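First residue of the sequence shown? That's 0 in numbering that gives the first Met the number 0, and the numbers climb one at a time after it.
To start, the structure itself, in structure tokens.
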Amino acid sequence: MADEALTEIHRQHRTGQDKYTYFLLAVTASAVAFTVQKTDGLKITYSLLPLGVAILLWGLSFYFGIKNLLWVQTSIYANYSLLQLQKGVYPEQPDHPQMLEAAIRGVRSAIESNVGKSQFYGVWQFRLLIAGAVLFLVWHVLEMALRTYAP
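Here is the structure:
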């Protein structure tokens, strides 16, 4: 029963993390689409520079979100391989105990590396999204100021 409860909690946690990542991807894509709509018909000027950088940051955020999902899936697959090795059902299960222990250490090392990469991309997905939003607001205030003080 305890294993089932742990499995269910892990499943819910994983589902929540996936939803969060997909939410950030959707927000990022929406921000880019909104910006394109807001700038339709505008001439290119220096005042658009913060907006251009914002779009660049949002593009990077989207890329990092996709990389985050990729490394999460890679981690899950490596974890599955580790469980197979531990249960003795891995398709290429080592026969010798020392070989098995080396394989388990290698897979654990891969999992740690994969999780680290996933966390890196996940954190930067959020940071870049927020940085892009700040630059969007800078652009908006700049445009308001330029209109206010225009001759």
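Using N, Cα and C, we set each Cβ at its ideal position, and we do this for glycine too.
Note that the structure is a prediction, hence the values are computed from the model and not measured.
Exercise. Report buried or exposed for leucine 50, applying the criterion of at least 16 other Cβ atoms within 10 angstroms of its Cβ.
Key: buried
Practice problem: Less than 8 Å between the CB atoms is what I'm expecting for valine 114 and serine 74, so what's the real figure, rounded? | Solution: 5 Å
Quiz item: Given that a residue counts as buried once 16 or more other Cβ atoms are within 10 Å of its Cβ, and exposed if not, what is glutamine 85?
Solution: exposed
Exercise. Would you kindly report the start and end of the unbroken alpha helix (DSSP H) that includes alanine 155?
Key: Residue 155 cannot be examined here, being either before or after the span of the chain that is shown, 0 to 150.
Quiz item: With contact counted as at least three CB pairs below 8 Å, one residue from each stretch, are the region 128-140 and the region 34-50 in contact?
Solution: yes
Practice problem: Taking all protein chains shown into account, decide if phenylalanine 63 is buried (16 or more other Cβ within 10 angstroms of its Cβ) or exposed. | Solution: buried
Quiz item: Does the distance from the CB of serine 117 to the CB of valine 88 come in under 7 Å?
Solution: no
Exercise. Report the rounded CA-to-CA distance for serine 108 versus methionine 98, giving the unit in angstroms.
Key: 15 Å
Practice problem: Output the distance between the C-alpha atoms of alanine 101 and phenylalanine 119, rounded to the nearest integer angstrom. | Solution: 27 Å
Quiz prompt | Nearest-angstrom Cα separation, counted from tyrosine 21 out to lysine 66 | solution = 12 Å
Quiz item: Where does the unbroken alpha helix (DSSP H) through leucine 85 begin, and where does it stop?
Solution: Note that residue 85 corresponds to glutamine in the displayed sequence, not to leucine. Element bounds for glutamine 85: 48-86.
Quiz prompt | Short Cβ contact (7 Å threshold) for alanine 77 with valine 106 | solution = yes
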